[in-house]
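Asks:
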Amino acid sequence: MYYSGLYRANMNSWTDTAARSIILFLTLFMCFVATRSQIAVPRTAHKLNEPQGECNNNNCVEDSASVINKWSLPLLRSGDKKLYLGIFFKANWYKAAQYCRYHGMHLASISNQEENDKLEKYIKDNGLGHEHFWTSGTDQAEEGSFFWLANGRPIGYTNWNAGEPNNFKYENGEEEHCLELWNRDGKGLKWNDSPCSFETFFVCEM
Ligand SMILES: [Ca+2]
Ligand SMILES: [Ca+2]
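Numbering (this note's numbering), first residue to last: 64 to 269.
#1: Pairs of beta-carbons, one from the region 140-150 and one from the region 247-255, closer than 8 angstroms: are there three or more?
#2: Among residues of its own chain, excluding the 5 on either side of S172, which ones have a beta-carbon nearer than 6 angstroms to its beta-carbon?
#3: Note the first and the last residue of the continuous alpha helix (DSSP H) segment covering C163.
#4: Whose beta carbon lies closer than 7 angstroms to any heavy atom of ligand 1, going through the chain in order?
#5: Using DSSP bridges, identify the partner residues of L242.
#6: Tell me whether the region 189-197 and the region 235-248 touch, counting them as touching only if at least three CB pairs, one residue from each stretch, are closer than 8 angstroms.
#7: Decide if S100 is buried, meaning its Cβ has at least 16 other Cβ atoms within 10 Å, or exposed.
#8: Using 10 angstroms around the beta-carbon of E125, count the other beta-carbons present and answer buried if the total reaches 16, otherwise exposed.
#9: Suppose contacts are defined by Cβ-Cβ distances below 8 angstroms. Is N239 in contact with P228 by that definition?
#10: Pull up the distance between the alpha-carbon of K158 and that of S135, whole angstroms please.
#11: Provide the residue(s) that pair with C123 in DSSP beta bridges, ordered along the chain.
#12: For the beta strand (DSSP E) that contains E237, what are its first and last residues?
#13: If you draw a straight line from the C-alpha of E262 to the C-alpha of Y233, how long is it?
#14: Measuring CA to CA, which of T221, I218, Q203 is closest to N230?
#15: Just grab the DSSP bridge partners of H169 for me.
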């Protein structure tokens with residue numbers, strides 16, 4: 064009797080210990096899963112904020128209407144291009160171009176009215192219609208002959224503001240050779256040639 068009682072007592076002790084171990088293991092496992100799931104959100108957010116070559120359900124939109132409920136600013140699909148807004152720092156035209164290239168893109172070109180309107184709406188709908196944005200347009204190679212550095216083609220479609228491009232000359236001798244989008248007079252994001260050293264936001268394309 065004593066022996067069997069001891070055996071039973073040992074068994075109970077063993078069972079309690081095993082049960083505690085299992086509960087402890089499950090608790091630690093649940094904590095690990097919960098921690099991993101919390102970490103996964105910002106990791107995903109970071110990933111979606113980075114320019115990506117391929118569109119999926121989260122990183123590209125067809126127009127700004129679908130942006131409202133998203134927590135990340137996706138790429139704007141425009142024809143066979145995808146457009147990225149560089150809005151986390153302002154840079155001169157060269158640094159903006161470098162940033163785009165470093166991330167596998169170019170400063171943007173604008174090929175037609177539809178693309179221009181789509182981009183303008185996207186910028187405005189994101190509350191950035193008062194900002195300036197660099198494109199890849201420039202006449203640095205030959206004054207007055209603007210082309211898109213993104214593809215090397217002369218500018219065809221244009222959306223210059225009244226009196227632009229005016230190649231304005233500044234006191235330091237700098238002239239205007241780089242093409243920005245700018246809502247100068249409340250008539251929308253028209254095109255303006257601006258000094259390439261001016262630091263502002265920018266649009267990349269891929
Ligand atoms: Ca010029
Ligand atoms: Ca100008």
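The C-beta atom is built at its ideal place from N, Cα and C for all residues, glycine as well.
Small disclaimer: the values here were computed from a predicted structure and weren't measured.
Replies: For this structure:
#1: no
#2: The residue labelled residue 172 in the question sits at position 109 within the sequence shown. Hits under 6 angstroms: S199, W211, A213, N214.
#3: Position 100 of the sequence shown holds residue 163. Run containing C163: 156-165, per the alpha helix (DSSP H) assignment.
#4: D202, E206, G207, P228, N230, E238, E239, H240, D256
#5: The count along the sequence shown starts at 1 and reaches residue 242 at position 179. DSSP lists D256 as partners of L242.
#6: yes
#7: Mapped onto the sequence shown, residue 100 falls at position 37. Only weak support exists for where S100 lies, its pLDDT of 47 falling under 50; the coordinates are left without a value.
#8: Taking the sequence shown and counting its residues from 1, one reaches residue 125 at position 62. Looking at its Cβ environment, which holds fewer than 16 other Cβ atoms inside 10 Å, E125 is exposed.
#9: Start at 1 with the first residue of the sequence shown, and residue 239 comes out as number 176. Start at 1 with the first residue of the sequence shown, and residue 228 comes out as number 165. According to the sequence provided, residue 239 is Glu. The question's Asn does not apply to it. Closer than 8 angstroms, so yes.
#10: By one-based count along the sequence shown, residue 158 stands at place 95. By one-based count along the sequence shown, residue 135 stands at place 72. C-alpha separation (whole angstroms): 24 angstroms.
#11: On the sequence shown, position 60 is the one that residue 123 refers to. Answer is L138.
#12: The residue given as residue 237 occupies position 174 in the sequence shown. It is not in any beta strand (DSSP E) - E237 carries neither H nor E in the DSSP assignment.
#13: In the sequence shown, residue 262 corresponds to position 199, counting from 1. In the sequence shown, residue 233 corresponds to position 170, counting from 1. Rounded to whole angstroms, E262 to Y233 spans 16 angstroms at the Cα level.
#14: The residue you call residue 230 lines up with position 167 of the sequence shown. It is Q203.
#15: Residue mapping note: residue 169 aligns to position 106 of the sequence shown, counting from 1. H169 is bridged to E268.
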